[in-house]
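Top line first, the protein sequences correspond to chains A and C. Going left to right, the first sequence walks through residues 378 to 575 as the working numbering numbers them. Going left to right, the second sequence walks through residues 473 to 711 as the working numbering numbers them. Where is the CB? At the ideal position from N, CA and C, for every residue including glycine.
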Amino acid sequence: MSETTDAALWARAAAGETAAFGTLFDRHARTVYNYCFRRTGNWSQAEELAAIVFLEAWRRHADLRIVRDDALPWLLGVATNVLRNSRRSQRRYRAALARLPRERGEDFANDVDERLDDERQMRAVLRVLDKLPRADQDVLALCVWEELSYERAALALDVPVGTVRSRLSRARARLRELTETCGHEWDEPVPIEETRTT
Amino acid sequence: MTHELRIPARRDLPADLLERQKDYLLDELLLLPGRERRRRRLVLVLVPAVIALLAATAFTTYALTREPTHLESIGCYDRADLRSNTAIVNADGRNPIAICAAVWQQGALGNGSVPERLDACVLESGAIGVFPSSGADTCGTLGLAPLPASYASAARRFAALRDAIVSKLGEPASGSSRRGPQCVHETAALPLVRRLLDSHGYSDWQVRTAGGSFTAERPCAEPSFDTAGKVVLLTPGLP
């Protein structure tokens, strides 16, 4: 039996069926959570921001454009906006976030050290990335870290495909300069390496 | 010497935490205005003046005659700006300005003092927004219609319906607050709500279930209201 498409789930959610929205959450929460971590370098903050992304997605579902039955670009676009305005988003959802179920001690007891190490590593990457214009960072994060095609990244950012290509090219060139001059080298997955397009 | 820059591998939230967060989100959605539309910024370049004038006149006419369609909640804004922070609160039949004044007083907006003057407007979505006054015509400045006088009776009528349904089915749980003591199964709740809709003059409204199946764990019908869609939704809740 074929899986219900994102578009069908959104239609049902928009008609008031919150369970359909729950299925979309199951489908995309992990990607959104990891995207938020890679943009902030903080797992706890990523957890909170991922919740905001879904609340914001619901609030804005009238604006949703699903192309090829694929809601992920739009969700990552919402995430990008939430990250850009994280303080405003956190204020907007202050009351809701106070009710957000948090991790308990035992949830991450086995990998506390690994998570701290992740955060140190990611912050080091972000310190380099911060030297790029914000728009170029967005393209790099979507096309390279999230492996979106140019077309899907363009949908996420609501810009033409050509703009995605030029921003990515500029970001890669600038990152090479930066990493060469500051003595860094990238490990796998290579963050400045462009992924294939579909 | 070079330093290695590594992108950490992806991680999963623990399944139990993910499940709890999903339940939380589904509960929170019922508190949000689901059909709110953001105002889209339109940039018109080199539009002939006459067309612009006609469009402006048409929009003004539309804005000045707009009736609210969302009666279940009110947005209290912290500035006379549609992009400012907003507290969404339940409407209870009272004047929206009084409701938002209480929100300000409780410190949910600002620092506990109520702005000198608040103005209530009808948003493009049909919802009601209450803004600190920006001068003589706050709603007009925002391109919105002022709240019409007819709202008061419509709001009281809807509040009476809501109270009647909630008195039978119980107040839905929200966040940290528990639901009321009643627990009515969908088989009894559906005809009950239908009768209450009809007796309160809402015959053109629908009642339907949403949010998954009623189970032994979640047997109680919890009502939520969508005045724009003219529907009462019954979602499965905990006893």
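Determine the chain A residues that contact residue i at a beta-carbon separation under 8 angstroms, and present them in chain order.
i, result
"Asn583 of chain C", "Here the premise fails: no neighbours, minimum Cβ distance about 14 angstroms."
"Thr707 of chain C", "Thr395"
Less than 8 angstroms between the CB atoms is what I'm expecting for residue i and residue j, so what's the real figure, rounded?
i, j, result
"Gly673 of chain C", "Arg690 of chain C", "Incorrect: roughly 31 angstroms between the Cβ atoms, too far for contact."
"Leu525 of chain A", "Ala533 of chain A", "7 angstroms"
"Ser606 of chain C", "Ala559 of chain C", "Their Cβ separation, rounded to whole angstroms, is 18 angstroms, which puts Ser606 of chain C and Ala559 of chain C out of contact at 8 angstroms."
"Leu490 of chain C", "Gly399 of chain A", "Actually they do not touch by this definition, with Cβ atoms about 11 angstroms apart."
"Leu485 of chain C", "Glu424 of chain A", "7 angstroms"
"Leu474 of chain A", "Val409 of chain A", "Actually they are not in contact, since the Cβ atoms of Leu474 of chain A and Val409 of chain A sit about 16 angstroms apart, beyond 8 angstroms."
"Gly547 of chain C", "Arg628 of chain C", "Between Arg628 of chain C and Gly547 of chain C the Cβ distance is about 20 angstroms, and since that is not below 8 angstroms, they are no contact."
"Asp550 of chain C", "Leu595 of chain C", "Going by Cβ atoms, the distance from Asp550 of chain C to Leu595 of chain C rounds to 15 angstroms, so no, they are not a contact pair."
"Val430 of chain A", "Ala456 of chain A", "5 angstroms"
"Arg538 of chain C", "Ala617 of chain C", "4 angstroms"
"Glu496 of chain A", "Trp420 of chain A", "7 angstroms"
"Cys572 of chain C", "Leu554 of chain C", "No, Cys572 of chain C and Leu554 of chain C are not in contact; Cβ-Cβ is about 15 angstroms, not under 8 angstroms."
"Asp447 of chain A", "Asp383 of chain A", "6 angstroms"
"Asn411 of chain A", "Arg482 of chain C", "4 angstroms"
"Arg702 of chain C", "Asp676 of chain C", "Checking the sequence, you will find Lys at residue 702 of chain C rather than Arg. Contact holds; Cβ gap of about 6 angstroms."
Please confirm whether residue i and residue j have their CB atoms less than 9 angstroms apart.
i, j, result
"Thr681 of chain C", "Leu664 of chain C", "no"
"Ile637 of chain C", "Pro568 of chain C", "no"
"Asp513 of chain A", "Arg551 of chain A", "yes"
"Ala396 of chain A", "Trp387 of chain A", "no"
"Cys655 of chain C", "Pro711 of chain C", "yes"
"Phe402 of chain A", "Lys494 of chain C", "yes"
"Thr540 of chain A", "Ala531 of chain A", "yes"
"Ala592 of chain C", "Ile600 of chain C", "yes"
"Arg416 of chain A", "Leu477 of chain A", "no"
"Leu517 of chain A", "Leu509 of chain A", "yes"
"Gly418 of chain A", "Arg468 of chain A", "no"
"Gly598 of chain C", "Thr687 of chain C", "no"
"Glu544 of chain C", "Phe603 of chain C", "no"
"Ala434 of chain A", "Tyr496 of chain C", "no"
"Leu449 of chain A", "Leu426 of chain A", "no"
"Leu662 of chain C", "Ala632 of chain C", "no"
"Gln498 of chain A", "Pro620 of chain C", "no"
"Glu528 of chain A", "Val521 of chain A", "no"
"Arg407 of chain A", "Asn557 of chain C", "no"
"Leu555 of chain A", "Val505 of chain A", "yes"
"Gln578 of chain C", "Ser585 of chain C", "no"
"Asp535 of chain A", "Gly454 of chain A", "yes"
Would you list the residues sitting across from residue i in a DSSP beta bridge?
i, result
"Ala693 of chain C", "C:Pro708"
"Gln678 of chain C", "C:Val703"
"Ile600 of chain C", "C:Ile546, C:Val594"
"Asp698 of chain C", "C:Val703"
"Pro618 of chain C", "C:Cys593"
Please list, in chain order, the chain C residues whose beta carbon lies closer than 9 angstroms to that of residue i.
i, result
"Ala428 of chain A", "Gln493, Tyr496, Leu497, Glu500"
"Gln422 of chain A", "Result: empty, since nearest Cβ-Cβ is about 14 angstroms, beyond 9 angstroms."
"Leu525 of chain A", "The premise fails here: Leu525 of chain A is roughly 15 angstroms from chain C at the closest Cβ pair, so nothing lies under 9 angstroms."
"Leu386 of chain A", "Near Leu386 of chain A there are no residues of chain C at all, since even the closest Cβ is about 13 angstroms away, more than 9 angstroms."
"Leu432 of chain A", "Leu497, Glu500, Leu501, Leu504"
Give the residues of chain C in contact with residue i, contact being defined as C-beta atoms less than 8 angstroms apart.
i, result
"Arg549 of chain A", "Within chain C, no residue comes near Arg549 of chain A; the closest Cβ sits about 14 angstroms away, beyond 8 angstroms."
"Ala406 of chain A", "Leu485, Leu490, Gln493, Lys494"
"Asn411 of chain A", "Arg482, Arg483"
"Trp522 of chain A", "Ile479"
Residue i versus chain C: which residues are under 7 angstroms apart at the beta carbon?
i, result
"Asp495 of chain A", "Pro480"
"Ala448 of chain A", "None at all; the shortest Cβ gap to chain C is about 15 angstroms."
"Asn458 of chain A", "Simply none; closest approach about 11 angstroms."
"Gln498 of chain A", "Arg478, Pro480"
"Gly399 of chain A", "Lys494, Leu498"
Residues of chain A with CB under 9 angstroms from residue i, in chain order?
i, result
"Ala573 of chain C", "Residues of chain A passing the Cβ test: none, with the nearest at roughly 18 angstroms."
"Asn557 of chain C", "Arg465, Arg468, Arg469, Arg471"
"Ala552 of chain C", "Result: empty, since nearest Cβ-Cβ is about 17 angstroms, beyond 9 angstroms."
"Ala688 of chain C", "Within chain A, no residue comes near Ala688 of chain C; the closest Cβ sits about 17 angstroms away, beyond 9 angstroms."
"Ala741 of chain C", "Nothing can be reported for residue 741 of chain C, as the shown portion of chain C is limited to 473 through 711."
- [ ] Kindly provide the ranges of any beta strand (DSSP E) runs that are 3 or more residues long and lie completely inside the region 554-580 of chain C, ordered along the chain.
- [x] 558-562
Open item on the list: Ignoring anything shorter than 4 residues, give me the alpha helix (DSSP H) runs that lie fully in the region 486-535 of chain A, in order along the chain.
Closed with: 489-506, 511-517, 527-534
Task: Within the region 473-501 of chain C, ranges of the alpha helix (DSSP H) (whole runs, at least 4 residues) - done: 487-501
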